[in-house]
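Trainee: Residue numbers (the working numbering), protein chains in the order written: chain P, 1 to 102; chain L, 103 to 295.
Note that CB positions come from ideal geometry on N, CA and C, so glycine has one too.
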Amino acid sequence: MTEIRQLRKALIERILDGGGTASRSQRRAAFENAGLTEPLRTLVQKVAAQANAVTDRDIAAARASGLTEDQIFEIVVCAAVGQSTRQYDSARAALDLAVGKE
Amino acid sequence: MRLAILDRGHGFGTKALFAFIRLVTRQPTPEAVKLVSYRPDFFGTPMKRFTHEAMRGPSTWSVADRELMAAFVSHVNACEFCIKAHTAVAARAYGDEPKVAAVLSDLETAPIGEPLRATLRMLGKLTRERTVGADDMRAVLAAGVSPQQIEDALSVALAFNTMNRLADAFGFSVPGPRAFEAGAKFLLAYGYR
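1. Relative to chain P, which residues along the stretch 180-191 of chain L have a C-beta separation below 7 Å, given in chain order?
2. Is L/Thr233 helix, strand or coil by DSSP?
3. For L/Gly215, which residues in chain P fall below 9 Å Cβ to Cβ?
4. In angstroms with no decimal places, state the Cα-to-Cα distance between L/Ser139 and L/Gly146.
5. Please classify P/Ser25: is it buried, with 16 or more other beta-carbons within 10 angstroms of its beta-carbon, or exposed?
6. Roughly how many angstroms lie between the CA atoms of L/Glu231 and P/Ser23, to the nearest whole one?
7. Taking only beta-carbon atoms, is L/Met157 less than 8 Å away from chain P?
8. For P/Asn52, return the contacting residues in chain L, with the cut-off set at a CB-CB distance below 7 Å.
9. Using a Cβ-Cβ cut-off of 8 Å, state whether L/Thr211 counts as contacting chain P.
10. Closer than 8 Å by beta-carbon distance: list the chain P residues that pair up with L/Thr221, in chain order.
11. Based on Cα-Cα distance, which residue from L/Thr229, L/Leu170, L/Phe282 and L/Pro142 lies nearest to P/Thr85?
12. Kindly say whether P/Ala30, judged by its beta-carbon, lies nearer than 8 Å to any beta-carbon of chain L.
13. If we ignore side chains and look at the alpha-carbon of each, how far apart do P/Asp89 and L/Leu125 end up?
14. Would you report the Cα separation of P/Thr21 and L/Asp143, rounded to the nearest angstrom?
15. At what residue ranges does the stretch 234-280 of chain L contain a whole run of the beta strand (DSSP E), taking only runs of 3 or more?
16. Please list the segments of the alpha helix (DSSP H) lying wholly inside the stretch 172-218 of chain L, counting only runs of 4 or more residues, in order along the chain.
17. Is P/Val77 near L/Leu268, with beta carbons less than 8 Å apart?
18. With P/Ala79 and P/Ala48 assumed to form a contact (beta carbons below 8 Å), what rounded beta-carbon distance in angstroms separates them?
19. Against chain L, does P/Glu38 count as a neighbour if the rule is that its beta carbon must be under 8 Å from one of theirs?
20. Between L/Glu182, L/Gln250 and L/Ile214, which has its C-alpha nearest L/Tyr196's C-alpha?
21. Pick from L/Thr153, L/Leu222, L/Val165 and L/His112: whose alpha carbon is nearest that of L/Val178?
22. List, in chain order, every chain P residue whose beta-carbon is nearer than 7 Å to that of L/Asp238.
23. Any idea what DSSP makes of P/Asn33, helix, strand or coil?
24. Just confirm the distance between the C-beta atoms of L/Ala220 and L/Ala212, as a whole number of angstroms; I'd bet it's less than 8 Å.
25. Taking C-beta to C-beta, are L/Phe183 and L/Phe262 nearer than 8 Å?
26. So is P/Asp58 buried or exposed if we call it buried at 16+ other beta carbons inside 10 Å?
27. Apart from the five residues on each side of it in sequence, which residues of its chain come closer than 8 Å, Cβ to Cβ, to L/Ala172?
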């Protein structure tokens with residue numbers, strides 16, 4: 001395994017499986033953009049699909065639901081890394097197909 | 103910055119370091135630095151290690167080419183902070199600001215080689231549509247780009263598709279051009295670690 005692959009894996013493992021203030025299941029759900037309830041569903045969907053549409057109000061709604069700033073920080077980080085990882089995985093699979101690897 | 107902890111929740115030592123940097127550079131602490139310095143054990147440290155390897159580690163793409171990819175991905179994501187930051191780094195790394203501006207304004211007519219153009223085209227589609235297929239990769243390979251070079255470019259895209267989202271979600275404030283010039287000098291001298 002090359003250095004860069006190890007570093008990518010280490011980042012993902014840290015944010016999902018290491019210690020944090022948001023629960024592991026919540027961080028996993030944000031990473032996968034699946035299985036969340038409002039107001040996090042909207043926030044995470046925006047981070048994944050159109051992050052520049054996130055507003056002060058989206059963050060305020062997350063706070064008003066009882067989440068701390070540390071929890072919101074972790075959830076948004078997981079959402080961002082999760083979406084960019086899905087895109088990366090899609091491209092890697094396409095590359096493997098193009099070069100004839102299974 | 104939408105979260106107060108990212109603005110002023112850092113430890114005493116980090117705050118002292120920020121004050122020192124502000125004094126030396128006479129520029130505000132970049133919001134990206136504030137983000138990766140907050141509870142760095144959670145995100146900043148592993149992200150900086152990954153990004154440094156992608157942007158400065160061994161690759162047959164030059165540092166300038168990789169900074170251009172970073173600016174281009176940021177452009178497709180319409181992330182103002184990251185476009186300005188990495189346009190400045192790429193322009194400085196190439197010593198050619200018009201070339202970087204031309205790529206962002208029209209990739210198809212910009213004065214760059216076909217392998218880089220084909221790679222940027224694929225990164226643009228991946229960023230815009232969030233997926234690409236085998237035909238997109240065949241087109242890049244046909245332009246003379248090696249599978250390893252494609253992997254290297256995908257690592258750059260992974261880093262900036264992440265940072266663009268965080269810059270916009272957390273609401274990074276965008277400083278003036280002199281701050282980005284200072285940032286570009288720093289990133290070319292020291293990288294992302």
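Mentor: Judging by the given coordinates:
1. Ala180 and Cys181
2. coil
3. Near L/Gly215 there are no residues of chain P at all, since even the closest Cβ is about 20 Å away, more than 9 Å.
4. 6 Å
5. exposed
6. 31 Å
7. no
8. Ala180, Cys181 and Asp270
9. no
10. Here the premise fails: no neighbours, minimum Cβ distance about 11 Å.
11. L/Thr229
12. no
13. 43 Å
14. 13 Å
15. none
16. 182-196 and 199-207
17. yes
18. 6 Å
19. no
20. L/Ile214
21. L/Leu222
22. Ala94
23. coil
24. 12 Å between Cβ atoms; not a contact.
25. no
26. buried
27. Met157, Cys184, His188, Val191, Ala192, Val258, Ala261 and Phe262
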